[in-house]
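Presented below is the structure to which this report refers.
Residue numbers (full-length UniProt numbering): 1 to 105.
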């Protein structure tokens, strides 16, 4: 993972602690496990694919709230900026963290 492409950082502080970051060059979010030792091992690259809304084609930043946000968002959600939409527009995508967490190894 190119270090100069890493931007937008959020800490997921759950049973397993992760640093969640936007990787601009790959248009993905990366999960780095936080442990006592300094580690830069990427645990997963997450693509935000089209579903009920268009997917993220140009990820340009990330933040997140990883706590209960009501009954529909028990794990919170990351927010990513998508800078490549039709008509040269940008927008923000909110993704339910629970749906992502179920797919992690």
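Every residue, glycine too, gets a C-beta built ideally from N, C-alpha and C.
Practice task
Would you kindly work out how many angstroms separate the C-alpha atoms of residue 19 and residue 91, rounded to a whole number?
Solution key: 23 Å
Exercise for the section: Give the DSSP-derived three-state secondary structure of residue 54 in the structure shown. Expected result: In the structure shown, residue 54 falls within a coil segment according to DSSP collapsed to helix, strand and coil.
Practice task
Only counting runs of 3 or more residues, tell me where the beta strand (DSSP E) segments fall wholly within the UniProt domain "BPP" (1-104), in order along the chain.
Solution key: 6-13, 17-23, 28-33, 42-46, 59-65, 77-82, 91-94
Practice task
To the nearest angstrom, report how far apart residue 97 and residue 36 are at their CA atoms.
Solution key: Between the alpha carbons of residue 97 and residue 36 lies a distance of about 24 Å.
Handout entry: residue 70 burial status per 10 Å Cβ neighbour count (16 or more: buried)
Key = exposed
Practice task
Return the chain-ordered list of same chain residues with a C-beta closer than 8 Å to the C-beta of residue 73, the five sequence neighbours on each side being excluded.
Solution key: So the qualifying residues of the chain are 96, 97, 98.
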